[in-house]
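Peer 1: Mapped onto full-length UniProt numbering, the consecutive letters of the sequence shown carry residue numbers 1 to 245.
Shown below is the structure under consideration.
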Amino acid sequence: MLSAQVSTETIELRVIHTLLSPRTPMTMIAAGLCLLALFISTVGGGHRITHIFGGGELGWLVLCALTALPLVALVVWQRNNHLQMVDRMALLSETDLLTRFPNRPTFVKRAAEALTRSTGTMLLLNADNFRRINDEYGHTVGDMCLETLAEHIRGFIRHTDEIGRLGGEEFAIFMPGLSVADAEKVAKRLSEGTSINCGSSRVPLTFSVGMTRAGPHTTLDEALNAADSALTRAKSEGRACYRAA
């Protein structure tokens, strides 16, 4: 009788030690605890546990609850994990992974909604000479340049602004409530750009910027088209500058 009891307790201790290992997956932990509780209630001496709670029906009821608890914990954990996964997938579907800005569809949706609420300035930015940088230094350096330009943009946007990477080296920003004078200051600073080290040389990174006033009286397409016309002028008039529609 003693040897059987020692053997049973040894099994219980080994199972517990395995389940508490940091390398054991959460699902295995919950399933293992459930099986362990079932083992204790049958082979491992469930009568000892029921005796702790007064024996009889109350003791067995408590034991059943303890047996089911790991399974309930597993279900709750799986549900929370699933919800976190859904939220992450939704975020990834709305985000440009290189710059971590909202992608084009997300910007279009958010900017169109923002235009109905407030008047402000629409900025359209295009990185200067980006094709030459890709051809001369390669696409890996080109990606690094886009990341650097994105950080440059972050230095000027507010939490109320709508920003997006429209594609390639083009970005758009809607800045609600910003005065014309302040918008011109931001556009000028953005156009001046930044630079990045590439081997022994320093590669300048600048923007051509087109800007226009926009609000409830304009559609998003109208605002982007007007800003694009101004951007074309900035490109043709020397780059690294801004022009207003």
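Glycine residues also receive a C-beta, built at the ideal position from the N, C-alpha and C atoms.
Nearest to THR106 by CA position, among ASN134, PHE174 and GLU222, is which residue?
Peer 2: Numbered from 1 along the sequence shown, position 106 holds the residue referred to as residue 106. Residue PHE174 is the option with its Cα nearest to THR106.
Peer 1: Buried or exposed for ASN81, going by 16 or more other Cβ atoms inside 10 Å?
Peer 2: For the purposes of this step, residue 81 is identified with residue 81 of the sequence shown, where counting begins at 1. When all chains shown are included, ASN81 counts as exposed.
Peer 1: Provide the residue(s) that pair with PRO204 in DSSP beta bridges, ordered along the chain.
Peer 2: Position 204 of the sequence shown, counted from the start, is the residue given in the question as residue 204. According to DSSP, which records beta bridges pairwise, PRO204 is partnered with SER195.
Peer 1: Where do the N-terminal and C-terminal ends of the alpha helix (DSSP H) with GLU237 fall, by residue?
Peer 2: Residue 237 sits at position 237 when you count from the first residue of the sequence shown. It is not in any alpha helix (DSSP H) - GLU237 carries neither H nor E in the DSSP assignment.
Peer 1: Can you confirm whether the region 144-163 touches the region 226-235 when touching is taken to mean that 3 or more C-beta pairs between the two stretches lie within less than 8 Å?
Peer 2: Counting Cβ pairs under 8 Å, fewer than three are found: no touch.
Peer 1: Where do the ends of the beta strand (DSSP E) carrying ASN126 lie?
Peer 2: Mapped onto the sequence shown, residue 126 falls at position 126. Counting along the chain, the beta strand (DSSP E) containing ASN126 begins and ends at 120-127.
Peer 1: Rounding to the nearest angstrom, what Cα-Cα distance links ILE196 and LEU205 in this structure?
Peer 2: Within the sequence shown, residue 196 is the residue found at index 196, counting from 1. Within the sequence shown, residue 205 is the residue found at index 205, counting from 1. About 7 Å.
Peer 1: For the beta strand (DSSP E) that contains PRO176, what are its first and last residues?
Peer 2: Residue 176 sits at position 176 when you count from the first residue of the sequence shown. From DSSP, the beta strand (DSSP E) with PRO176 extends over 170-176.
Peer 1: Is it the case that the Cβ atoms of LEU115 and ALA214 are separated by a distance below 7 Å?
Peer 2: Reading the sequence shown from its first residue, position 115 is the one you call residue 115. Reading the sequence shown from its first residue, position 214 is the one you call residue 214. Result yes, Cβ atoms of LEU115 and ALA214 sit closer than 7 Å.
Peer 1: Report the three-state DSSP secondary structure of THR232 (helix, strand or coil).
Peer 2: Counted from its first residue, the sequence shown places residue 232 at position 232. Reduced to three states, the DSSP call for THR232 is helix.
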